[in-house]
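Engineer: First the structure, then my questions, so here it is.
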């Protein structure tokens, strides 16, 4: 535990825990909405914010947050009104965000592409006290939204038309989800990196779904996986001198593979138990099938 003697590791671990909580908390709604790669797109846009931060001598984290939020809102508007040309507009937005980040950071005094590395792939030693303060504030916002509005966000993520009929402000909730995803990307970029953050938003949720179809249980398991792999990846990065973002993502994928391997025999055992409870006198065609949700969804 000697790594706790260093202030930069204390900051990195605190940031890692917050990332492990917020990324899956938002990711569960993105997975439900079939927008698993939304975090990746926002990460591209956030590069422009990082570059502007260096150019204007302002906090790259806060500037990236502002640009990411604007980009996420624009993505939602394109989704609503883009029609057949929406994919082209999104592609230009994503690649324009990357190009803008590279251009702005090279225009900054003393700036170079090397300055982007810690934001693209994460870095332990560069997490400053101001970064931790920003991450704490942004993480608090994400947790408040994802937990406080979980029923409304879940309803919209499952079926927008049904949610609209029940009187929910669907477009406002969609915008809020996009903004929360954008904030999560900037929370995670100092630990995981902009290019890898999407994996931490999606893979823990997919891993949790191997064990549970209940929304609450999936949410809790995904957050537990997120916190475990971020702490484990951060500590491993310190001792082995390997990139933290890549280490965290590889641990997340390993967790998914492990839980998938464990879930298969458990599912077979539950199926055999269900078959054993079926009355012996009932023909197979008279058996009432168990209700099954569409693949990739979880129940409340």
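In the working numbering, the protein residues as written are 194 to 493. In this text, a Cβ means the ideal position worked out from N, Cα and C, and glycines have one as well. Remember, it's a predicted structure, so these values are computed and weren't measured experimentally.
1) Is it buried or exposed, residue 458, if we count other Cβ atoms within 10 angstroms and call 16 or more buried?
2) Near residue 280, which residues of its chain fall below 7 Å by C-beta distance, leaving aside the five closest residues on each side in sequence?
3) So, with DSSP's three-state summary, where would you put residue 316?
4) Considering only the alpha carbon of each residue, which of 331, 432, 443 lies closest to residue 418?
5) Going along the chain, which residues of its own chain have a beta-carbon closer than 6 Å to the beta-carbon of residue 398, five neighbours each way excluded?
6) Hey, quick one: how far does the alpha helix (DSSP H) through residue 431 stretch, first residue to last?
7) State the DSSP-derived secondary structure class of residue 251, mapped to helix, strand or coil.
8) What residue does the alpha helix (DSSP H) around residue 217 start on, and which one ends it?
9) What residue range is occupied by the uninterrupted alpha helix (DSSP H) comprising residue 308?
10) Report yes or no: do three or more beta-carbon pairs, one from the segment 228-246 and one from the segment 259-269, lie closer than 8 Å?
11) Would you say the segment 381-401 touches the segment 267-276, given that touching needs at least three Cβ pairs under 8 Å?
12) Once you ignore the five residues that flank residue 340 on each side, which residues in its own chain have a CB closer than 8 Å to its CB?
13) Determine, using beta-carbon pairs with one atom in the segment 372-381 and one in the segment 297-314, whether at least three such pairs fall under 8 Å.
14) If you draw a straight line from the alpha carbon of residue 214 to that of residue 289, how long is it in whole angstroms?
15) Are the segment 361-380 and the segment 324-335 touching by the rule of at least three beta carbon pairs closer than 8 Å?
16) Counting beta carbon pairs with one atom in the segment 249-259 and one in the segment 434-448, are three or more of them shorter than 8 Å?
17) I'd like to know if the segment 200-207 and the segment 315-327 are in contact, where contact means that at least 3 CB-CB pairs between them fall below 8 Å.
18) Could you check where the alpha helix (DSSP H) with residue 364 kicks off and where it finishes?
19) Identify whether residue 397 lies in helix, strand or coil by the three-state DSSP scheme.
20) Within 10 Å of its beta-carbon, does residue 284 have 16 or more other beta-carbons around it, so buried, or fewer, so exposed?
21) When DSSP labels each residue in this structure, what does residue 295 get in the three-state scheme?
22) Among 363, 371, 355, 297, which one has its Cα closest to the Cα of residue 256?
23) Could you pull out every residue in the same chain whose Cβ sits closer than 7 Å to the Cβ of residue 452, ignoring the five residues on either side in sequence?
24) Using only the alpha-carbon positions, how far apart do residue 407 and residue 435 sit?
Structural biologist: Looking at the coordinates:
1) Taking the chain shown and counting its residues from 1, one reaches residue 458 at position 265. Exposed, because fewer than 16 other Cβ atoms sit within 10 Å of the Cβ of residue 458.
2) The residue you call residue 280 lines up with position 87 of the chain shown. Correct list: empty, nothing qualifies.
3) Translated into positions along the chain shown, residue 316 becomes position 123. If DSSP states are grouped into helix, strand and coil, residue 316 belongs with coil.
4) Taking the chain shown and counting its residues from 1, the one referred to as residue 418 is at position 225. It is 443 whose Cα lies nearest to the Cα of residue 418.
5) Mapped onto the chain shown, residue 398 falls at position 205. Only 217, 220, 221, 224, 415 meet the Cβ criterion.
6) By one-based count along the chain shown, residue 431 stands at place 238. First-last of the alpha helix (DSSP H) with residue 431: 408-433.
7) Translated into the one-based positions of the chain shown, residue 251 becomes position 58. Residue 251 falls in the coil class under three-state DSSP.
8) Residue numbering aside, residue 217 sits at position 24 when the chain shown is read from its first letter. Taken as a continuous stretch (DSSP letters only), the alpha helix (DSSP H) holding residue 217 covers 200-225.
9) The residue given as residue 308 occupies position 115 in the chain shown. First-last for residue 308: undefined, no H or E at that position.
10) yes
11) no
12) As a first step, residue 340 is located in the chain shown; it is residue number 147 there, counting from the start. Within the same chain, residue 340 has close Cβ partners 218.
13) no
14) Here residue 214 is taken as the residue at index 21 of the chain shown, counted from 1. Here residue 289 is taken as the residue at index 96 of the chain shown, counted from 1. Cα to Cα, the separation comes out at about 30 Å.
15) yes
16) no
17) yes
18) Taking the first residue of the chain shown as 1, we reach residue 364 at position 171. Start and end: 363-381.
19) As a first step, residue 397 is located in the chain shown; it is residue number 204 there, counting from the start. If DSSP states are grouped into helix, strand and coil, residue 397 belongs with the helices.
20) Taking the first residue of the chain shown as 1, we reach residue 284 at position 91. Per the 10 Å Cβ criterion, exposed.
21) Numbered from its first residue, the chain shown carries residue 295 at position 102. Of the three classes helix, strand and coil, the one that applies to residue 295 here is helix, per DSSP.
22) As a position in the chain shown, residue 256 is number 63, starting the count at 1. Cα-wise, what sits closest to residue 256 is 297.
23) Counting from 1 along the chain shown, the entry for residue 452 is found at position 259. Taken in chain order, the residues that qualify are 400, 403, 404.
24) For the purposes of this step, residue 407 is taken as residue 214 along the chain shown, with counting starting at 1. For the purposes of this step, residue 435 is taken as residue 242 along the chain shown, with counting starting at 1. Spanning the two alpha carbons is a distance of roughly 36 Å.
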